[in-house]
Structures are given as structure tokens and as C-alpha cells.
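Each residue of the sequence shown is one higher than the one before, counting from 10 in the working numbering. Virtual Cβ for every residue (Gly too), placed ideally from N, Cα, C.
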Amino acid sequence: MRKTFLLFVVLVLFGYTLQAQVKPVDWQVITSGSEVLVAPGSEPGGGHLVWGDFNNDGYKDAFFIGGQSSRSANLFVNNGDNTFTKVENEAFKPLRQAGAVFIDYDNDGDLDLVTMGLGLGDDSKESHKAIAYKNTGATGNYVYVKDDEQSGKIGGYGVHASSGNSAGRIIQAVDYDNDGWMDLLISGDGNYNVYEWNPTEKDGAGDWGWLNSFTAILRNEGGLFNIKHDLVVNGEGRKNFDYTRKGSVNVGDVNHDGYADFLSQGYSDYTQGGWIARLYINNQDGAFTQSDYSSNLNGNEEYETIFADINADGYDDLVEISRAVANIHINNQAGGFTKYEESGLIKSVGSQLTAGDINNDGLLDIVVTGMNGEGENSDLGATKIFYNNGDLTFTVAEVPQEMRARSGGASFVDINNDRNLDYSNTGYSDGWNSAIALNILGEEITTNAAPTAPTELSIAAYAEGKYTLSWTAATDAETATAALRYNVYAKNLDTDAEYSYAPVDVATGRLNVGGEIVPLIHGTSFDWKLPQGNYSFAVQAIDQADAASLFALPDITAQAPLDYQNGVQKTIESALISNTSTLEDVTFLLPDALSFLPTSATLKDGAAGFTISTPTIAGNGAGTANSLAVTITFAPTAAQEYVDTLIISAEGTNSFILPLKGTGTQPVITADSTSVDFGIVELTESKTSSVITILVTDPIAVSDTPEGFNLSLVKAATYVDSDSIFKVVSSVQDIQVTDPITYAITVSFTPKAQQEYTDTLIIRSQYADDLRIPLKGTGHITTGISGIDSSDKVVTTQYYTLQGVAINSPIIGGVYIKKEIYATQKTKVSKVLYDDVK
């Protein structure tokens with residue numbers, strides 16, 4: 010797809026001067042090739058553009074839902090070259106004043122979609138829609154189909170934005186109760202499909218009626234959503250959340266306990282005062298308590314409040330911007346906040362916020378869309394970026410006109426996988442607009458580095474309905490250690506069920522969702538309320554720019570004693586990697602307090618590629634042992650992935666289970682562009698020829714390799730009859746097996762005319778890519794015979810060995826290859842054949 014870029018190197022400022030410590034980024038605005046993010050004729054206000062890798066190709070794709078008077082629902086695949094292609098799908102129901110979220114609600118590893126909004130031209134009961142779309146995954150070519158069963162579960166709870174100018178989020182996805190299933194948090198206008206009793210604080214009474222606002226959690230119960238009532242602790246009893254509309258809902262973790270808190274704000278028809286903000290603290294038992302600090306927060310129309318760790322201490326702060334306020338509330342780590350009204354943020358109308366570290370200094374910057382709070386630029390999208398100064402103040406910078414829009418949705422998202430946050434925006438700006446801008450850094454700004462993986466992951470024995478994971482904090486070149494966030498992953502080794510706190514590509518560690526502050530774990534421990542079973546666990550770190558580390562596995566020497574009385578298998582894993590094909594002395598160790606007697610070491614599947622040696626037992630007494638060492642050899646025979654499971658059986662305890670993974674990578678042998686030149690052969694008659702012997706050294710030491718060799722010549726476009734010009738004299742049968750294998754190929758050159766001839770010798774092997782050697786020779790008519798240059802020719806070959814073992818869970822790991830350089834020697838000899846001419 011053709012695309013055009015517009016480079017903005019100079020950042021335009023207004024009213025402020027960039028402080029010395031702030032480094033602004035340069036933006037490369039894509040002016041064509043991305044405009045498809047807004048379908049022709051659509052009005053991208055009153056809706057949202059959300060980002061997620063729906064086809065699992067490693068690049069985040071875009072889905073837009075909404076509009077003001079018009080309705081739309083469009084999916085765009087990220088082509089990986091900064092262009093997007095619209096996916097035609099009649100299953101999508103166009104909506105207006107809408108929201109959407111990517112969510113893997115069935116835990117199959119593929120992102121599903123949920124949309125909510127108005128499906129008709131009015132806001133009647135029938136117009137409210139809540140629709141779930143299931144991703145068919147790789148076997149179904151990643152197509153979204155309407156999930157009728159799921160849509161039926163949520164269809165009665167569809168909310169919508171209050172107007173076409175609203176930009177606040179109305180739907181969020183998070184696992185609020187840590188049970189391994191992502192739930193939905195919704196808050197918005199006009200849910201006329203819900204009829205219930207609504208006590209009010211206005212007059213102390215209440216009434217039955219159809220709701221015109223709604224705030225609720227749709228709990229994911231094994232893949233299906235169900236509405237949950239009475240989740241707020243209210244004295245001795247329970248009550249529903251205070252319903253709000255015309256506002257927003259956002260998720261964070263203000264008390265650093267690994268359980269999601271949330272904030273809703275807007276207008277309440279059932280609460281004294283009308284405009285309210287409610288901060289709800291997760292009680293860790295499925296219920297919430299309304300924070301006393303809620304009274305210090307503002308409720309306002311068409312704006313939102315977000316969670317963001319402004320001072321990088323690991324505790325979520327609050328940022329609220331509206332026509333009346335522009336405040337930050339800094340978390341005091343003791344259940345309260347300190348409000349700062351003079352931080353450099355600017356009031357805005359119809360504002361939507363998002364945060365991310367765009368200049369790679371480890372601090373969260375903020376983008377605000379909307380109209381200026383004092384009425385300036387009221388007809389334009391007054392989008393502004395606020396750079397975090399690190400002292401609870403911000404420096405404001407105006408963005409290029411092409412990047413401005415209001416009443417839509419702005420995002421910081423890594424579009425091209427360079428670990429730097431890019432930018433997208435949709436909405437109104439002197440006309441309907443969508444924009445994508447690549448972050449090309451700027452002066453003295455370096456590419457963001459991913460954090461290191463956490464270490465010393467341990468899993469406490471299952472107790473009180475949960476596993477407790479703990480780890481040692483990771484480090485990062487830009488983000489403070491305290492500000493790093495974490496994601497966890499688990500796989501049930503008996504059922505193959507997979508869980509993660511946030512959707513993720515487990516192999517690469519890359520988050521599958523983005524564009525906003527993704528709900529993640531603060532701190533270095535996590536309570537996971539999974540069903541009791543046999544699991545493989547892992548943890549990763551994520552920095553303030555959403556760059557993620559690889560997953561780290563448990564430390565096998567730091568496990569708690571096995572609970573062998575309940576009969577549950579435990580998983581012991583190792584992240585040890587060897588540069589050779591042998592992993593020596595993988596030691597399984599138990600604390601001294603519990604000894605065991607190993608009885609066998611076996612491979613579950615017995616897959617080709619893995620072999621084990623006789624285990625070495627180290628004991629602490631007659632008939633008992635507390636450790637066992639196993640040597641594992643990985644010898645792939647093809648370019649493919651190999652997985653198996655090492656099982657250590659023992660008396661008096663459960664088995665140790667160690668997932669194994671290795672990948673055989675196809676060797677690559679290449680020659681440089683230097684041709685093998687046979688020189689000038691003087692023609693006294695057609696039998697005159699030059700002969701060259703090429704010695705090839707193949708470092709692979711496989712005994713049956715010669716059976717896989719075949720030699721052939723192929724024709725090029727610049728000669729006529731190669732078969733009688735260049736010819737292989739030797740054959741594959743002449744090859745003698747050595748270690749490494751060395752074989753000779755003799756090629757003759759017999760010109761027929763006074764001209765240059767070319768060809769290519771291709772050496773093929775069962776275990777390597779083709780080795781192509783260009784051949785060249787020239788025939789020349791003369792009355793005499795001249796010698797031929799017999800100097801040696803050397804062609805450099807590169808070979809990637811089949812050496813590498815990843816000891817990991819079956820889907821966590823990578824390809825480990827070692828690059829070596831070899832020389833292929835070509836030896837020339839000259840030989841002239843002639844007969845007397847009669």
C-alpha cells in the first residue's frame with residue numbers, strides 16, 4: 010500500500026517554554042495509507058479507536074467503533090509497514106456514541122471483541138446494543154463472528170456515550186477478582202433495558218423504573234458474562250455502584266495490592282448533587298468499598314479521570330481534566346492523595362486522556378484531546394501533549410495540526426514494534442480526522458530498552474483458594490524499578506488451559522493490547538485464584554512505555570516443599586540455556602527438611618530430539634536422596650520445534666515435571682559474489698577444456714549426510730548450451746565421510762566459441778540451504794597454447810549450527826543459534842587437451 014510521511018522536527022510551543030530537562034519527541038505523520046482508519050463518510054466523533062493484535066502476527070491492529078449521527082464499525086489489519094488494510098466483515102454491527110474493547114473472554118489465546126453503543130437513530134430501548142464477537146483464531150483465519158450466546162448474556166446491559174462530543178471510556182476489560190478470566194466494567198448512558206429499584210440519596214426514597222444510566226461489572230464466569238449486583242460494601246449490607254452517565258470509567262490499582270480498583274465519574278440521576286466521582290477500592294473478595302477520597306474528586310460532563318503513576322513510585326495517581334479543573338492527585342501510599350491544582354495541565358472540554366512514556370525518560374507523559382476550557386479554538390481539536398518534568402509539573406507542547414482531533418480517542422501505542430510509543434487520534438478537527446504519527450525520537454533521545462526479566466519467581470503451595478506468586482523486581486534502563494509493572498502467565502499442564510492477567514504473546518513477551526494504560530500488576534507478588542491443579546507459571550516486567558521483558562520461570566531451587574499429601578503434582582521449571590546441544594546436570598533439589606528417593610527419569614512423549622542420560626543421585630542418608638541431576642541432550646534432525654516433558658518419579662512424593670523445548674533451525678550456507686573464473690581457454694579444437702576442483706567443507710557431522718547430497722547445474726539467461734560447456738566430472742558417490750565432512754567437486758569447462766560463458770553450480774544438502782557458486786569462463790581462438798592462472802579461490806560460507814537448547818515450558822522459549830564462519834577452498838588446476846589436426 011502506498012503511504013506518505015510528513016516529518017515534524019520542530020515542536021511548536023505556546024504559553025510555555027520547554028524546560029531544559031524535558032526532551033520533546035519528533036513525529037513523522039503518516040498522511041496517506043492510514044486514512045482508512047476512518048471509513049469514507051463516517052464521523053469519528055463519539056466513538057473510540059482501540060488497539061489489539063487480533064491475528065497474532067505481532068503487530069497491533071485497530072478497530073474503530075462509533076460516530077455522531079452516522080454509525081460505523083471497522084477493523085483494520087496492521088500490515089507491519091505503517092499501513093493498514095480494512096477487513097471486510099458483514100458481521101460487525103455499526104454503532105454510534107459507542108465504545109469497544111479487545112478481550113480474550115474465552116481464554117483461547119485470540120482476542121475477541123465487545124462493543125456497546127446505539128444501533129439506531131434514536132436512544133430508545135431497542136437502540137441500545139451490547140455485542141460480542143468471537144475470534145475464530147488461526148484455524149478459522151482470524152475472522153470475527155457474532156457470538157450469539159455471549160451477546161445474549163450482555164445484550165440487556167448496553168450503554169452509550171452521552172453525546173457525539175463525549176470522549177470518555179464507557180467500557181474497560183480487567184480481571185477484577187483475579188480468577189484468570191477477564192471481566193467487563195461498564196458505565197454510561199441510557200440503559201433502558203434494565204428495570205430495577207433505585208434508592209436515591211436526594212430524598213432518601215426510591216422507585217422502580219427503567220435506568221437511564223448504569224455502572225456495573227459483568228463478571229466472566231468460565232467464558233460467559235453475568236451481571237453482578239450489590240458489589241459495594243455499605244455499612245452492614247451491600248449496594249450497587251452509584252450509576253453515572255455523561256462521564257467515564259477507568260481502572261487502576263491505588264493501594265498496590267494486585268487487585269484492580271476503578272473510578273467512575275459523571276452525572277447520577279440517583280445521587281444528591283448530580284455530578285459525582287466514585288473511587289472504588291477492591292476488597293480482594295469480589296466486593297468493593299467506596300473510598301472516602303471520592304468527595305475530593307470531580308464529576309463532569311464529557312471528560313474523564315485516569316489512573317497514572319505520575320511520580321514513578323509504583324502507586325497509581327489520578328489525573329482529572331474537565332472544563333472546570335486540571336488536577337493531579339498524588340498517591341500518598343497510605344490510602345489517600347494530595348491534590349495539585351497548578352501542575353501545568355490545562356482545562357479542556359470534551360476531553361479524553363491517555364498516558365505513556367513517549368520520550369523514554371521513564372516518566373509518564375499525557376495527551377489531552379478536547380476544546381480549550383476557556384473557549385479558545387472551540388472549533389478545532391485542541392490536542393496537546395504534556396511532558397512530565399519529574400517534579401509533579403508538566404511542560405505543554407502543541408502537536409501538528411494533522412494530529413489534532415477532539416470528541417474521539419487518542420492513544421499512545423507502539424505501532425511498528427520499535428519499543429517507542431507512537432500516536433493515533435480520531436475525532437473532529439476542522440472536519441473529521443484520523444491521524445497516525447510515528448515516534449522518531451528526537452535530539453538526545455534513544456530507543457526505549459525493554460526491562461530485564463524478573464528473577465526468583467516462587468509459587469507458594471495452594472491455600473485459601475489461590476496460588477501466591479512472588480518474585481524479585483526487574484530493572485530497566487529508563488523506568489525506575491518501583492514503577493515497573495508486571496504480567497503473569499499460567500498453563501494447566503493437564504488440561505492445556507492458559508491464563509494471563511493481560512493478553513500477551515507468551516513467546517515474545519509482547520502485550521497483545523495497547524493504546525491506553527493497560528491494567529497490569531503493581532508490586533512483586535500476586536494472588537491468583539485459579540482452580541487447584543498442575544500449572545506452569547511465569548512472570549514478566551513492563552515499563553512505562555509498555556515495552557515488555559521475556560517471561561521468567563520459577564527458580565527450581567527456591568520451591569516450597571512439595572505437598573505430597575493432597576496428590577497434586579507440582580511443576581519445576583528451569584530457564585537454563587546452553588549454547589551446545591547438551592544441557593548438563595539439571596538439578597532437582599528439595600529442602601533438607603524433606604528427602605525423597607528418585608526411582609526413574611523418563612520422557613513423557615519420547616519425542617525424537619531429546620535424550621536423557623542415567624540420573625545422578627545425591628543423597629543425605631541410606632535409601633534417601635534430596636537431589637537428582639539429569640543430563641539432557643537435544644539433537645534435532647529437521648528445522649522444526651520439538652517439545653517433550655521430563656518426568657522424575659520418586660517414592661513418597663509427587664513427580665517433578667520439567668517441560669522441554671528446542672528448535673532445529675535450517676542451516677544456511679552461502680557463497681559471496683566472487684565467481685569461480687576458469688580463465689581464458691585457447692581453442693585449438695572443441696575438446697580443449699579447463700578443469701577446476703572445488704573443495705567444500707561442511708561442518709555438519711551427521712553420518713548419513715552423503716545420502717542427502719546431489720549435485721546439478723542450472724542454466725542462466727546469458728548462455729545457450731551449458732551441458733556441454735560446464736560439466737560436473739565427479740559425483741556424489743565420490744564423497745568420503747569425515748568429521749567435519751569434506752568433499753571435492755570437479756567441474757570442467759569446454760568452450761565451443763570465442764565468447765564468455767557463465768553458469769551456476771548449486772550444491773544441495775539434506776541439512777542445509779543451497780550453496781550457489783557462480784562459474785565463468787572464456788573461449789579464445791589462437792594459434793598457440795597458453796597457461797591458465799592456477800591461483801586458489803576462496804569463497805566465504807556462513808553456517809548457522811543446529812546447536813541450542815531451550816529448557817522451558819512448551820510454549821515459553823526461543824530459538825538459540827550459534828553463528829560460525831567457515832571457508833570453502835576452491836583449488837584450480839589447468840589442463841589442456843588437444844589433438845593434431847589432420
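Kindly identify the DSSP beta-bridge partner or partners of residue i.
{"i": "residue 83", "result": "73"}
{"i": "residue 783", "result": "769"}
{"i": "residue 60", "result": "71 and 523"}
{"i": "residue 94", "result": "86"}
{"i": "residue 499", "result": "508 and 546"}
{"i": "residue 230", "result": "233"}
{"i": "residue 536", "result": "477"}
If distances are taken between C-alpha atoms only, which option among the options comes closest to residue i?
{"i": "residue 260", "options": "294, 279 and 316", "result": "316"}
{"i": "residue 557", "options": "332, 286 and 529", "result": "529"}
{"i": "residue 412", "options": "406, 399 and 444", "result": "444"}
{"i": "residue 72", "options": "493, 117, 420 and 273", "result": "420"}
{"i": "residue 250", "options": "226, 244 and 256", "result": "226"}
{"i": "residue 354", "options": "653, 371, 319 and 346", "result": "319"}
{"i": "residue 160", "options": "371, 256 and 236", "result": "236"}
{"i": "residue 291", "options": "274, 278, 262 and 301", "result": "262"}
{"i": "residue 30", "options": "301, 196, 380 and 452", "result": "452"}
{"i": "residue 500", "options": "314, 494, 264 and 510", "result": "510"}
{"i": "residue 330", "options": "304, 517 and 377", "result": "377"}
{"i": "residue 494", "options": "323, 359 and 448", "result": "323"}
{"i": "residue 460", "options": "514, 518, 436 and 407", "result": "518"}
{"i": "residue 284", "options": "168, 93, 113 and 312", "result": "312"}
{"i": "residue 278", "options": "244, 783 and 221", "result": "221"}
{"i": "residue 56", "options": "541, 391, 359 and 234", "result": "359"}
{"i": "residue 299", "options": "371, 258, 335 and 243", "result": "243"}
Within the same chain, show all residues whose beta-carbon is closer than 7 Å to that of residue i, passing over the 5 residues directly before and after it, in chain order.
{"i": "residue 104", "result": "74, 75, 80, 82, 124, 126, 127, 128 and 138"}
{"i": "residue 352", "result": "337, 401, 402 and 403"}
{"i": "residue 725", "result": "Confidence in residue 725 is poor, its pLDDT being 38 and thus under 50, which makes the residue's placement too unreliable to answer from."}
{"i": "residue 144", "result": "63, 119, 120, 121, 151 and 153"}
In the DSSP assignment, find the beta strand (DSSP E) that holds residue i and state where it starts and stops.
{"i": "residue 313", "result": "313-317"}
{"i": "residue 360", "result": "357-365"}
{"i": "residue 407", "result": "403-407"}
{"i": "residue 272", "result": "270-276"}
{"i": "residue 329", "result": "326-330"}
{"i": "residue 254", "result": "254-261"}
{"i": "residue 139", "result": "137-144"}
{"i": "residue 181", "result": "180-183"}
{"i": "residue 303", "result": "First-last for residue 303: undefined, no H or E at that position."}
{"i": "residue 465", "result": "464-468"}
{"i": "residue 619", "result": "619-621"}
{"i": "residue 349", "result": "346-349"}
Using C-beta distances below 6 Å, list every residue in its chain close to residue i, excluding the 5 sequence neighbours before and after it, in chain order.
{"i": "residue 538", "result": "187, 188, 474 and 475"}
{"i": "residue 101", "result": "82"}
{"i": "residue 306", "result": "286"}
{"i": "residue 504", "result": "none"}
{"i": "residue 385", "result": "Note that residue 385 scores 48 on pLDDT, short of 50, meaning its location in the model is unreliable; the coordinates nonetheless yield the value given after this. Excluding sequence neighbours, residue 385 sits near nothing in its chain."}
Could you check how far apart the C-beta atoms of residue i and residue j are, in whole angstroms? I think they sit under 8 Å.
{"i": "residue 341", "j": "residue 373", "result": "Residue 341 to residue 373, Cβ: 18 Å. No contact."}
{"i": "residue 198", "j": "residue 254", "result": "4 Å"}
{"i": "residue 91", "j": "residue 39", "result": "6 Å"}
{"i": "residue 468", "j": "residue 546", "result": "5 Å"}
{"i": "residue 308", "j": "residue 268", "result": "Incorrect: roughly 24 Å between the Cβ atoms, too far for contact."}
{"i": "residue 535", "j": "residue 478", "result": "5 Å"}
{"i": "residue 321", "j": "residue 489", "result": "5 Å"}
{"i": "residue 36", "j": "residue 446", "result": "4 Å"}
{"i": "residue 170", "j": "residue 163", "result": "Contact flag wrong, Cβ pair sits at about 17 Å."}
{"i": "residue 194", "j": "residue 271", "result": "6 Å"}
{"i": "residue 375", "j": "residue 346", "result": "Not confirmed; about 17 Å, so no contact."}
Short of 8 Å in beta carbon distance, which residues of its chain neighbour residue i, apart from the five on each side in sequence? Order them along the chain.
{"i": "residue 738", "result": "700, 755, 756 and 757"}
{"i": "residue 369", "result": "429, 450, 454, 455, 456, 457, 487 and 554"}
{"i": "residue 240", "result": "226, 247, 249, 250, 295, 296 and 297"}
{"i": "residue 333", "result": "307, 309, 356 and 382"}
{"i": "residue 423", "result": "69, 429, 430, 431, 523, 554, 555 and 556"}
Is there at least one non-hydrogen atom of the ligand FMN closer than 7 Å to the beta-carbon of residue i?
{"i": "residue 789", "result": "In the structure on display, the ligand FMN does not appear, and there are no ligands present to speak of."}
Does any C-beta atom of chain B lie closer than 8 Å to the C-beta of residue i?
{"i": "residue 456", "result": "No chain B is present in this structure, which holds just one protein chain."}
Looking at the unbroken alpha helix (DSSP H) that takes in residue i, where does it start and where does it end?
{"i": "residue 157", "result": "157-163"}
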